[in-house]
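Below: one structure, written as structure tokens.
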Amino acid sequence: MGAKQNHRVLVVDDDPDILELLKYNLVKEGYEVKVAEDGKKGVQIAKTFQPELVLLDIMMPHQDGVETCRQIRELPEMVNAHITFLTARAEEYSEVAAFDAGADDYITKPIKPRALMSRISAHFRKEKKGKSTPKVTVGDLTIDKTSYTVTILDNQFTLPKKEFELLYFLAQNPNKVFSRDDLLQNIWGTDVYVLARTVDVHIRKVREKIGDGYITTVKGVGYKFESN
Numbered sequence: 002m003g004a005k006q007n008h009r010v011l012v013v014d015d016d017p018d019i020l021e022l023l024k025y026n027l028v029k030e031g032y033e034v035k036v037a038e039d040g041k042k043g044v045q046i047a048k049t050f051q052p053e054l055v056l057l058d059i060m061m062p063h064q065d066g067v068e069t070c071r072q073i074r075e076l077p078e079m080v081n082a083h084i085t086f087l088t089a090r091a092e093e094y095s096e097v098a099a100f101d102a103g104a105d106d107y108i109t110k111p112i113k114p115r116a117l118m119s120r121i122s123a124h125f126r127k128e129k130k131g132k133s134t135p136k137v138t139v140g141d142l143t144i145d146k147t148s149y150t151v152t153i154l155d156n157q158f159t160l161p162k163k164e165f166e167l168l169y170f171l172a173q174n175p176n177k178v179f180s181r182d183d184l185l186q187n188i189w190g191t192d193v194y195v196l197a198r199t200v201d202v203h204i205r206k207v208r209e210k211i212g213d214g215y216i217t218t219v220k221g222v223g224y225k226f227e228s229n
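Everything in the sequence shown is counted per my numbering, starting at 2 for the first residue and increasing by one.
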């Protein structure tokens, strides 16, 4: 219980019953929790609370969850936060829009509190386990997982969490081709259901930031990181 108290969780949903349910279960597990009933308030709370995990609905008044996710990702202090959508929207285009905005996970309602708490706990255990991973340097590109930074020549910047993990994983395995399913399992995990197209979205966004020369597409197979 004590260790979990260091983890901050923000819940953003316009349904007061869901806010109450999630806050009750999260506090019971020992997390520090704040809630917001709409997206604009969620962004404001994120600026000062700096949660490590955000649970976010899509359909909300004033500002929807996708735009809220995008604004949270633009906050420098929230680049490495884990953002999970909890939503009744099961359409493919909603899921793609969520990941395109910077989401790490997408769970459809109804919520199963015990399963969700287990998932959150597993996420933080994984985070703790991976903190001491060293740097990967390939040519002019350096990927540092201890600080979640990417450096090309003298230009240092950060990537959203899943984009970073995708780049780091590929760079650790240079010249090896990974299918979309391989990448989904290694980056998102077997207990997270996301669309194969999610990988394409993240690859595209990584390329926009580091250039096209590092990650190549092997048509009909998948992606690989070029070490040359």
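Glycine included, C-beta positions come from ideal geometry on N, C-alpha and C.
When you compare only the Cα positions, how much space is there between residue i and residue j?
| i | j | result |
| --- | --- | --- |
| M79 | P175 | 29 Å |
| K177 | T152 | 22 Å |
| T199 | D183 | 13 Å |
| Y1 | Q186 | Since the first residue shown for the chain is 2 and the last is 229, residue 1 is missing from the structure and cannot be characterised. |
| L23 | G31 | 12 Å |
| I214 | K225 | The amino acid at residue 214 is misidentified as Ile; the sequence shows Gly. Whole-angstrom Cα-Cα distance: 11 Å. |
| N229 | V139 | 8 Å |
| G28 | V202 | The amino acid at residue 28 is misidentified as Gly; the sequence shows Val. Distance between the alpha carbons of V28 and V202 is about 34 Å. |
| I108 | A116 | 11 Å |
| E21 | D141 | 49 Å |
| T159 | K127 | 20 Å |
| R9 | E53 | 5 Å |
| A99 | D155 | 32 Å |
Please determine whether the Cβ atom of residue i lies at a distance below 6 Å from any heavy atom of the ligand ZN.
| i | result |
| --- | --- |
| G31 | Among the ligands in the structure shown, none appear at all, so the ligand ZN cannot be discussed. |
According to DSSP, is residue i part of a helix, a strand, or is it coil?
| i | result |
| --- | --- |
| S133 | Note on S133: pLDDT 45, under 50, position unreliable in the model; the coordinate value appears next. Reduced to three states, the DSSP call for S133 is coil. |
| E33 | strand |
| I112 | coil |
| I84 | strand |
| R90 | coil |
| I144 | strand |
| D101 | helix |
Exposed or buried, which one is residue i when buried takes at least 16 other CB atoms within 10 Å?
| i | result |
| --- | --- |
| H63 | exposed |
| P161 | buried |
| S95 | buried |
| D65 | buried |
| K113 | exposed |
| V36 | buried |
| E164 | buried |
| S133 | Only weak support exists for where S133 lies, its pLDDT of 45 falling under 50; the value from the coordinates is given anyway. So S133 counts as exposed. |
| Q72 | buried |
| E93 | exposed |
Since I believe residue j is in contact with residue i (beta carbons under 8 Å), could you give me their beta-carbon distance rounded to a whole number of angstroms?
| i | j | result |
| --- | --- | --- |
| I144 | A172 | 5 Å |
| T69 | G40 | 3 Å |
| V137 | Y169 | 6 Å |
Relative to the alpha-carbon of residue i, which residue among the options has its alpha-carbon at the smallest distance?
| i | options | result |
| --- | --- | --- |
| T88 | P77, A104, I73 and N81 | A104 |
| I188 | G212, T147 and H83 | H83 |
| F125 | N81, L57 and I216 | N81 |
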